[in-house]
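Chemist: Quick note on numbering: the sequence shown equals residues 84 to 147 in the numbering used here.
Dropping the structure in here first, questions after.
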Amino acid sequence: MKDKRIAEVASAPPVDEKEYATPVSFQVKEVMKRTNLSFWRTRITGLPGCSIMLRSSLDLGSYN
């Protein structure tokens, strides 16, 4: 029985497997929409956080 199953699996056509159901570009676009919407809705707390991230990325990028 085991040999029969091994033969069946070996003769099966290869399956084109993908890790995700949607392309990366679609996922990035959706995440950016959600992030921007979150910053827009909570501008008082979101914009200072965004400016801190921007400032720190500029500071860290200038050391290279």
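Beta carbons: idealized from backbone N, C-alpha and C, even for Gly.
Once the 5 residues before and after Cys133 are set aside, which same chain residues still bring their CB inside 7 Å of it?
Modeler: Phe122
Chemist: Specify the secondary structure class of Pro131 as computed by DSSP and reduced to three states.
Modeler: helix
Chemist: To the nearest angstrom, report how far apart Asn119 and Gln110 are at their CA atoms.
Modeler: 14 Å
Chemist: Indicate the three-state DSSP secondary structure (helix, strand or coil) for Thr161 in the structure shown.
Modeler: Outside the modelled stretch of the chain, which goes from 84 to 147, sits residue 161, for which no answer is possible.
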